[in-house]
Amino acid sequence: MSTSEHGGTTAHGKEHANGKTVLRELSPLHRELRRAIPDVYQGFGELHRAAFAEGALDPRTKELIALAIGVVEGCDGCIASHAQAAVRAGASRQEAAEAIGVTFLMKGGPATIYG
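Just so you know, we're using my numbering here: the sequence shown kicks off at -1 and counts up by one.
Set out below in structure tokens:
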């Protein structure tokens, strides 16, 4: 089991100790940056809303994609945020597990070619 820089267990061990703790720890950093670069954060917020809007893919599927990308990127805050959002959008634990399972292929598979 490995420990993240934010003190919780990462996906390589048990479930993250508490996604809300990770998000709470990151909140002061986000607030500070939001004050320093408000236009950038406003643009990011608009991009976020557009990316997760209902379309050919529903928000649940989009959140599962974002969760999987967070896992590949090793982003604790992304994992916590998008796991919670996926649940709010109606995703099940099994759906999240299967989305994460695809990351094993896509993160490990390319190494068989480029490794």
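Backbone N, C-alpha and C fix where the C-beta goes; we use that ideal spot for every residue, glycine too.
Judged by their CB atoms, L27 and Y39 are not nearer to each other than the 8 angstroms cut-off. Residue environment analysis places H80 among the buried positions, since at least 16 neighbouring C-beta atoms fall within 10 angstroms of its C-beta. Of the candidates P108, K60 and R33, K60 places its Cα closest to the Cα of V85.
Around A87, the same chain offers P57, R58 and E61 as residues with beta carbons nearer than 7 angstroms, after the five sequence neighbours per side are excluded.
Sequence-distant Cβ neighbours of V69 in its own chain, meaning closer than 7 angstroms and more than five residues away, are A9, I77, I98 and T101. Going by beta carbons, L65 and A94 fall inside the 8 angstroms limit.
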